[in-house]
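A quick write-up on the structure given underneath.
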Amino acid sequence: QGGAFMANLGDSAGALESFRKAIAVVGRADTTPGLKRAAIEAHINIANLATDPIQSLEDYDEAIRAADLELAIDPNDVETLRLVADAAHGRATVGHITDRVADEERMASREIEFRRRALALAPEWRNEVALTQAMAQHALALQQRTDYAAAVDELGRAAAILETSLKQNPGNQVITRELAEKRSRTGAALLSMGKAAESAATIEAAIGLMQPLVNADPGNAQYRGDLAYAWYRLGDAFRAQGQSPRALVLHQQALSVRRERVARDPTLTFIRWDLSQSLN
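This is the structure in structure tokens:
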């Protein structure tokens, strides 16, 4: 029905109702681990759909509380480790957009711990990708406290994991997308260090990975959103080099995609935030 990070019908209100029904059916009574995980995941999805990031904290915290209880019973439950990591990631994201950097860094570090545990128990590419997403979240916290060099290093380590994983899984679109996204973020951090030319080259490499994904699946809103971010960041890098006409074209391209995404589902806060940045 609706969601922030996968294909959906744009019915966020309907999705919220369904997730709440799922939680109510499971309840707090003793039940199977699978049903408890379903309730935890529903709390995370409700938090992801919150129109105000602060409103998401209660559901993220409930998901973490419930997952911690399950992990106390079975610390090697990979599925619960993945879920609690997802909740920590969401919590860190809220810290990022509300400028609570200490909370963001703390939750990102917790997520990395959970992801490493899951990867050790199940060494597969999906868990490698999830670990690099946690590392990228940590890099955001480092950028926010202006430790740009440390952020570039963290993103570099994440990219190295993905490059190895892509060699082992050639043609994997998920890994390719994540590698492109890490390079795009690295370009933004390099620009903050005053390295505009290196930033532009890094982001152009990211676009080189992203564009074929968009061409192959033009209706994929997530791929188009990633490409919009890369265009936006590359525009900033060109503007820093005094190339305003090239920057303007890229920012207009990013703005067009972001307007499309808001028109599709105007209730998602982070998409409206992206649109406001493009308009600026």
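In our numbering, each residue's number is its place in the sequence shown (first place is 1) plus 84. Each residue gets a CB set at the ideal place from its N, CA and C atoms; glycine is no exception. Note that this is a predicted model, so its numbers are computed, not measured.
Task: For ARG317, the three-state DSSP class (helix, strand or coil) - done: Here ARG317 carries a helix assignment [DSSP, helix/strand/coil].
Open item on the list: Check for me: the alpha helix (DSSP H) holding ALA33 runs from which residue to which?
Closed with: Outside the shown range of the chain, which is 85 to 364, sits residue 33, and nothing can be said about it.
Task: Spatially closest choice to ALA169 from LYS279, GLN221, LEU274, by CA coordinates - done: The alpha carbon of ALA169 has as its nearest neighbour, out of LYS279, GLN221, LEU274, the alpha carbon of GLN221.
- [ ] Let me know the secondary structure DSSP gives ARG384 once reduced to three states.
- [x] It is not possible to answer for residue 384, since the shown part of the chain is limited to 85 through 364.
- [ ] Note down the Cα distance separating ILE138 from ALA284, rounded to an integer number of angstroms.
- [x] Each residue's alpha carbon lies about 34 Å from the other.
Task: HIS203 (DSSP reduced to helix, strand or coil) - done: As written in the sequence, residue 203 is Leu, which differs from the His given in the question. Shown here, LEU203 sits in a helix according to DSSP, grouped into three states.
- [ ] For GLN336, count neighbouring C-beta atoms within 10 Å of its own C-beta (all shown protein chains included) and say buried if the count is 16 or more, exposed if not.
- [x] So GLN336 ends up on the exposed side.
Open item on the list: Out of GLY111, LEU133, ARG308, PRO329, which one is the CA nearest neighbour of ALA123?
Closed with: If we check each option's Cα against that of ALA123, GLY111 comes out closest.
Task: Integer-rounded CB distance, given that MET219 should sit under 8 Å from PHE242 - done: At residue 242 the sequence reads Ala, which differs from the Phe that was named. Here ALA242 really is in contact with MET219; their C-beta atoms are around 4 Å apart, less than 8 Å.
TODO: Look at the Cβ atom of ASP310, then the Cβ atom of GLU265, and state whether they are nearer than 8 Å.
DONE: Yes, these two residues count as a Cβ contact at 8 Å.
TODO: Report the residue from TYR307, PRO302, GLY303, GLU282 whose alpha carbon sits nearest the alpha carbon of MET294.
DONE: Sorting TYR307, PRO302, GLY303, GLU282 by C-alpha distance to the C-alpha of MET294 places TYR307 at the top.
Task: Whole-angstrom distance between GLU188 and GLN228, CA atom to CA atom - done: Each residue's Cα considered, the two are about 10 Å apart.
Open item on the list: Taking contact to mean 3 or more Cβ pairs, one atom from each stretch, closer than 8 Å, check whether the region 295 to 304 and the region 268 to 284 are in contact.
Closed with: No contact exists between the region 295 to 304 and the region 268 to 284.
TODO: Just the C-alpha distance for SER102 and LEU119, rounded to the nearest angstrom, thanks.
DONE: Rounded to the nearest angstrom, the gap between the Cα atoms of SER102 and LEU119 is 15 Å.
Open item on the list: Give me the residue from VAL341, ALA225, ASP158 with the minimum Cα distance to LEU205.
Closed with: Minimum Cα distance to LEU205 is reached at ASP158.
Open item on the list: Please state whether the Cβ-Cβ distance between ALA235 and ALA223 is less than 8 Å.
Closed with: Going by C-beta atoms, ALA235 is nearer than 8 Å to ALA223.
- [ ] Output the residue ranges of the beta strand (DSSP E) runs that lie fully inside the region 85 to 119 and measure 3 residues or longer, sorted by chain position.
- [x] Those beta strand (DSSP E) runs which fall completely within the region 85 to 119 and span 3+ residues do not exist here.
Task: Among GLU247, ASN364, ASP152, ASP136, nearest to ARG121 - alpha-carbon criterion - done: Among GLU247, ASN364, ASP152, ASP136, the Cα nearest to that of ARG121 belongs to ASP152.
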